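Per our numbering, the very first residue in the sequence shown carries number 6; after that it's consecutive.
The beta carbon of each residue, even a glycine, is placed where N, CA and C say it ideally should be.
None of the values given here were measured: they were computed from a predicted structure.
Accompanying notes for the structure given below.
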Amino acid sequence: MSDGEKKQAKKLFNHVVVVGLGLIGSSLTRAITQRGLAGDVSGYDASLEVRDEARRLDIGAQIVDDLSAEVARADLVILAVPVGAMLGLAKEVCPHLKVGAILTDVGSVKGAIIKAVEPFMPKGAYFVPGHPVAGTEFSGPEAGFGHLFEGRWSILTPVEGTDEAIIDKVVAFWEGLGSHVELMSAEHHDIVLAITSHIPHLIAYNIVGTAADLEDVRQAEVIKYSAGGFRDFTRIAASDPVMWRDVFMNNKEAVLEMLGRFSEDLTQLQRHIRRGDGQALEDLFDRTRKIRRSIVEAGQETEKPDFGR
Ligand code: NAP
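Here is the structure:
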């Protein structure tokens, strides 16, 4: 999308407040401003250091020090803090929401966040939980960029009974940022993301941890020969420790269920190798290669070799 086209995007809100100015929050402020989706955008972070950094970087928002005053005049408030911080933040933010205001979030887990936020929602304001399935392994306001959400999926998990017009407005917002949008239940979201995102991160953390525990000589070789596959796991395993701690603490059930399935399949693979069943291995690898191709065809990855990472 050219800058000219972005500017033509429809203004959907008069005043948007983004709380948490890390990778996702600062990408949001940049994207909302670049695409003209709001009359004005404010940003707040609990950390004074992050607020100062965001002011220095010019992330497309006015950085404020008083959150409650800002929330009181907002049409849309977006919580972009780690999942574990959502409960405390909801207590702080919700009492100030004006009638008609929409509250949303970007947390990677949905069931636990709904449970944490809903009890604090005042009458007349609306909560529409969300999760942009877009990100990188970097954190902080310097890591954000305005095209993060373009061509990526954003999932909304509205609770039953939410006004359709309000959901449509949040859908239009994410589409305005260049995302495709899908609606599903929070429970379904948490299961799907457990296998597509949470377990892959757990596996990466585990394999890199195993390598780190090897004796010195072998560890040096792991680094030297990392292009053999290990390197790709280290990128994922470099993801924000606090964010991922919170994901596993708040999506326990779905992660443990998927981990059980994963362990069974791993045991099966172990058996194929022990028995010398090459055909079974090849059949699986054929199937997995097709999955990779379908991800490329769906535009969620490119075929280009990525030796430069
Ligand atoms: P991040 O880069 O670490 O940024 C989070 C920011 O929120 C930090 O600056 C943090 O400050 C601040 N914060 C923490 N508690 C706060 C509070 N109570 N009030 C205001 N600010 C507070 O994290 P992120 O990657 O943007 O992730 C934010 C959310 O997006 C998480 O819920 C995550 O699950 C979700 N998400 C992440 C990705 C991804 O790939 N990273 C993708 C999709 C969704 P301190 O550092 O001082 O604590």
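Suppose contacts are defined by Cβ-Cβ distances below 7 Å. Is residue i in contact with residue j by that definition?
i, j, result
"A177", "L17", "yes"
"V88", "T109", "no"
"A79", "V23", "no"
"S184", "R157", "yes"
"F238", "I200", "no"
"L81", "G181", "no"
"V55", "L26", "yes"
"G151", "A74", "no"
"D45", "H20", "yes"
"H203", "V138", "no"
"L102", "P124", "no"
"V69", "S47", "yes"
"I64", "S31", "yes"
"G149", "L72", "no"
"A191", "K115", "yes"
"A242", "V227", "no"
Here's the rule I'm using: 16 or more other beta-carbon atoms within 10 Å means buried, otherwise exposed. How should residue i be labelled?
i, result
"I160", "buried"
"R294", "exposed"
"Y230", "exposed"
"L219", "exposed"
"T38", "buried"
"S299", "exposed"
"G9", "At G9 the pLDDT is 49, less than 50, meaning the model places this residue with poor confidence; the figure from the coordinates comes in the next sentence. Exposed, by the Cβ-count rule."
"D173", "exposed"
"L52", "It is worth fixing the name first, because residue 52 is Ser in this sequence and not Leu. Counting Cβ neighbours within 10 Å, S52 comes out exposed, since fewer than 16 surround it."
"F154", "buried"
"D195", "buried"
"H257", "It should be pointed out that residue 257 corresponds to Lys in this sequence rather than to His. By the neighbour-count rule (16 or more Cβ atoms within 10 Å), K257 is not buried but exposed."
"V222", "exposed"
"K309", "exposed"
"G214", "exposed"
"V301", "exposed"
"L286", "exposed"
"A303", "exposed"
"A106", "buried"
"M263", "buried"
"G313", "For G313, the predicted model reports a pLDDT of 43, less than 50, meaning its position is unreliable; a value from the coordinates is still stated below. Answer is exposed; the Cβ neighbour count stays below 16."
"L198", "buried"
"M254", "exposed"
"R40", "buried"
"G234", "exposed"
"A59", "buried"
"G129", "exposed"
"A66", "buried"
"G140", "buried"
"G145", "buried"
Could you check how far apart the C-beta atoms of residue i and residue j are, in whole angstroms? I think they sit under 8 Å.
i, j, result
"Y131", "T167", "7 Å"
"E147", "S244", "That belief does not hold up - the Cβ atoms of E147 and S244 are roughly 16 Å apart, past 8 Å."
"H136", "V111", "6 Å"
According to DSSP, residue i sits in a beta bridge with which residue or residues?
i, result
"G135", "L161"
"S47", "V22 and Q67"
"I83", "V23 and T109"
"H185", "W158"
Can we count residue i as close to the ligand COA, meaning its CB is less than 6 Å from some heavy atom?
i, result
"P87", "The ligand COA is absent from the structure shown, which contains only the ligand NAP."
Is the stretch 275–282 touching the stretch 110–122 in the sense that three or more CB pairs, one from each, lie closer than 8 Å?
Contact fails: fewer than three Cβ-Cβ distances are below 8 Å.
Three or more C-beta pairs below 8 Å linking the stretch 200–213 and the stretch 247–255:
Yes, they touch.
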